[in-house]
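Step one of this worksheet: look at the structure below.
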Amino acid sequence: SVPENSRAFARPDSASSSTSSSSSPGTGRFARPDTASSSSSSSQATDGEEDDCDRQGSDLSQFSELMSKIDHAISSLGGSVMPTLNWSCPKDATWINPVSSLRCDNADEVVLMLKASDRILHDILHCFEDCVDHDAARGAGGEDELKDFKYILTLRKWYDFDRRRELRCFVVDGVFRGASQRYVNEDTSNLKDQKEEIMERVVDFFERVVQKKVELSSYCFDLFISRDLKPIVIDIGPLDEERLPSDRLLDLISPEEAEQHPSEKSLYGFPVDFIDMV
C-alpha cells in the first residue's frame, strides 16, 4: 500500500522524482530530493518553520522508502512492469513515456506516468463521486471519504501481448453477456474462422474460474487468447461508463473497419492540455 504521506507523489503539482534509487540525488530528468541538503537547510530555519521542516523531512523519507520498494519490486519482476493504482492504469500518459507504452523499467518512470495521468488523479481525488452512496456534502472535494482509504500501487510483470488477441468480456447481474475486441482499431480478420471456438472457451472459462472468484455482480474482465486458444486473465474491473462494450459484441473487425476507428495513439498520444491549445 502507498503510505498516506506519500500519496501526494501522484499529484501533478507535487515534487517530482525521476532517477533510479541507485542514482545520486540531483541527477536525471527530474532530480530525487536530496535529503542531506534538506537537513542542512532545515537547520537554518526559524523556530516557526521547524515543525514544517520536520514534517517535510518525514515525508521525503517515506517517499524515498517507497521509491526503493518500487525499484526492488521491478527488479524482482524481471525489470519491466505495468503500474496500476487501485482501479486505473495511467494509459492516458503514454505520451510521456519514451517507449509510448505502459512499460516502466524503474520507479521514476512509474511516478512520472502516475503524475501525468488524469485517470490516476481522478482515482486519488474523485474516486467515490459516482457511487450511489456518495455524500457530496462531506468535506471539501470528498476528503472525509478519502481520509482512511488505502491506496494500493500494483506492479504487474510486463508482457508484450498481441493486441489483436485481447478480448473484453462483460458480466451483468452475474450473467455473462458477451465479449468484444479489446482494441477495435486492430485487424482481427484472421481470427474469424475461430470465433465460435474462442467464445466457447471464453464462456467455459468464465463459468469454471471467473464466476467463482469474483464477488461483484456486474463487472468486466480482459482476456488474452493464446494461439492454442487458452484464455489468460489480464485484468478485472467494475463495469462503469469507461468500460461499456462497443456496439459490436461478439464480432471481429476487418482491416477496412479497423482503419475507421481511432487508434489509442490518437486518443492518448498527446497531453490533454496540448490538444486544448490547438
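With the sequence shown counted from 1, adding 639 to any position gets you the numbering used here. Think of the CB as a built atom: it goes at the ideal place given N, C-alpha and C, for glycine as much as any other residue. Computed from a prediction, not measured in an experiment: that's the story for all the values here.
Nearest candidate by alpha-carbon position, reference residue i, set the options
i	options	result
CYS859	LEU830, PHE815, ILE837 and ARG840	PHE815
GLY717	ASP744, VAL848 and SER727	ASP744
ILE875	GLU836, ASP832 and LEU806	LEU806
ILE713	SER703, SER727, VAL749 and SER739	VAL749
GLU839	VAL853, GLN850, LEU868 and TYR790	LEU868
ILE709	SER739, CYS770 and LEU794	LEU794
Sequence-distant residues of the same chain with beta carbon closer than 6 Å to residue i, five excluded per side
i	result
ILE873	ASP861 and PHE863
ALA755	ALA732 and ILE735
PHE800	PHE863
CYS770	none
SER703	none
Classification of residue i by the beta-carbon crowding that lies within 10 angstroms, buried from 16 upward
i	result
ASN829	exposed
GLU768	exposed
VAL811	exposed
PRO737	exposed
PHE788	exposed
VAL720	buried
ARG866	exposed
SER727	buried
CYS766	buried
ASP747	buried
VAL848	exposed
HIS711	exposed
Beta-carbon spacing of residue i, residue j below 8 Å
i	j	result
LEU753	PRO729	yes
LEU724	ASP762	yes
LEU855	PRO870	no
Same chain only: Cβ atoms within 7 Å of residue i, ignoring 5 sequence neighbours per side
i	result
GLY780	Only weak support is given to the placement of GLY780: the predicted model assigns it a pLDDT of 46, under 50, and the value that follows is read from those uncertain coordinates. Counting only Cβ-Cβ distances below 7 Å, and skipping sequence neighbours, we find LEU764.
ARG804	PHE863 and ILE864
ARG742	SER719, MET721 and TRP797
VAL841	LEU806, CYS808, ALA818, LEU862 and PRO870
SER857	VAL810, VAL811, ASP812 and LEU878
ILE759	ALA649, LEU724, SER727, PRO729 and LEU753
GLU836	LEU868
VAL853	ILE875
Three-way DSSP call (helix, strand, coil) for residue i in this model
i	result
SER756	coil
ARG847	helix
ASP861	strand
LEU751	helix
PHE702	helix
ASP710	helix
GLU836	helix
ILE735	helix
SER828	helix
ASP762	helix
VAL853	coil
LYS789	coil
SER727	strand
SER719	coil
ARG795	strand
ARG803	helix
VAL842	helix
Proximal residues to residue i (C-beta, below 8 Å), its chain only, five neighbours per side dropped
i	result
ARG802	ARG821, TYR822 and GLU825
SER740	THR733
PHE844	LEU862 and PRO870
GLN833	LEU868
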